[in-house]
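Numbering (our numbering), first residue to last: 157 to 236.
This is the structure we're talking about:
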């Protein structure tokens, strides 16, 4: 794994969460974990599917998922 890329992704997420919390302006946030996972998971899967030219076996391997799990997530997010 490339530490520099991991730090860049983590930095983007931190910045987005900090902005989200600031923009709440005192309102109580709800279910932040679920919101972030759903916000990140779909574009992650879409990007990896594109990278593998639609090869679900290769995509599942890159993601570290079982192919059936990937298929279920693709169905959940309406990814073709």
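Just so it is clear, CB atoms sit at the ideal spot from N, CA and C, and this is done for glycine as well.
Looking only at its chain, what residues have a beta carbon closer than 6 Å to the beta carbon of residue i, apart from the 5 residues adjacent to it on each side?
i, result
"residue 194", "none"
"residue 169", "none"
Exposed or buried, what is residue i when buried is set at 16 or more other beta-carbons lying within 10 Å of its beta-carbon?
i, result
"residue 205", "buried"
"residue 177", "exposed"
"residue 180", "exposed"
"residue 166", "exposed"
"residue 201", "buried"
To which residues of the same chain is residue i closer than 8 Å at the C-beta, ignoring the five residues directly before and after it?
i, result
"residue 208", "214, 215 and 218"
"residue 223", "212, 213 and 216"
If residue i sits next to residue j, beta carbons under 8 Å apart, how far is it from one beta carbon to the other, in whole angstroms?
i, j, result
"residue 196", "residue 173", "The pair is not a contact, with the Cβ atoms about 11 Å apart (cut-off 8 Å)."
"residue 184", "residue 233", "The Cβ separation is near 27 Å, so there is no contact."
Give the list of continuous alpha helix (DSSP H) stretches no shorter than 4 residues that lie fully inside the region 162-236. 188-207, 212-219 and 223-232
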